[in-house]
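To start, the structure itself, in structure tokens.
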Amino acid sequence: ILDKSAYRYYAETDDGDESWKVNAKQATAVVKAPVGELSVQYHKAVERWWMTALNRDKKRIVIRSSTDLRHWNASKKLISCGASFQPNYGSCYGGFIHHWHLKENKITTVVSDWKTYNTFLVQIPFVRTATTATCGDGPG
12 ILDKSAYRYY AETDDGDESW KVNAKQATAV VKAPVGELSV QYHKAVERWW MTALNRDKKR
72 IVIRSSTDLR HWNASKKLIS CGASFQPNYG SCYGGFIHHW HLKENKITTV VSDWKTYNTF
132 LVQIPFVRTA TTATCGDGPG
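So that you can map any letter, position 11 of the sequence shown is 22 in this note's numbering, and since no number is skipped, the others follow by simple counting.
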């Protein structure tokens, strides 16, 4: 990790060719900004990757899924970072996926409130069908 010359960056051309580049300026954005506080884990039961991230502009933690780590679905709101999250505080960050429940139809995230600097475990169920798994309630 300390040897940055060993880093390789995913790049995709307009015609769909994929490669790994040495120069970070040639990298393809996998998820469009704004995105921060990123957390990604694989969920064996649904054979897909989950990504949670903070969308500071919309004051929420969002979730996306992927089967290949390169192509992610549109974000959905997972947690609102406002008064409904922690009354009297309302400023959350994180949403880091915890390994608990990765074999069940639930996702557990670690969410922090920056004003009190408290940390919460938040458990969110998801809906699983034969071909998909969805979590969240509306556009991210």
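Every residue, glycine too, gets a C-beta built ideally from N, C-alpha and C. Note that the coordinates shown come from a computational prediction; the quantities given were computed from them, not determined experimentally.
Is it buried or exposed, I108, if we count other Cβ atoms within 10 angstroms and call 16 or more buried? I108 is buried by the Cβ-count criterion.
Considering only residues of the same chain and omitting the five flanking positions on each side of S91, which have a CB-CB separation below 6 Å? Counting only residues of its own chain and dropping the five nearest sequence neighbours on each side, S91 has a CB closer than 6 Å to the CB of R71.
Measure the alpha-carbon distance for Y20 versus S30 and round it to whole angstroms. Spanning the two alpha carbons is a distance of roughly 8 Å.
In this structure, does DSSP put S16 in helix, strand or coil? In the three-state DSSP reduction, S16 falls in the helix class (H, G or I).
Could you tell me which whole beta strand (DSSP E) segments of length 3 or greater appear in the segment 52-93? DSSP runs (the beta strand (DSSP E)) wholly in the segment 52-93: 59-66, 71-77, 87-91.
Suppose you measure from the CA of L113 to the CA of S76; what does that come to, to the nearest Å? Going from the Cα of L113 to the Cα of S76 covers about 14 Å.
Compare the Cα-Cα distances from D79 to each of N116, N66, A64, E58 and report the closest residue. The option with the nearest alpha carbon to D79 is E58.
In whole angstroms, what separates the C-alpha of T130 from that of K69? K69 has its alpha-carbon roughly 21 Å from the corresponding atom of T130.
Reference T120, options K87, Q134, Y128, T127, closest by Cα: The alpha carbon of T120 has as its nearest neighbour, out of K87, Q134, Y128, T127, the alpha carbon of Q134.
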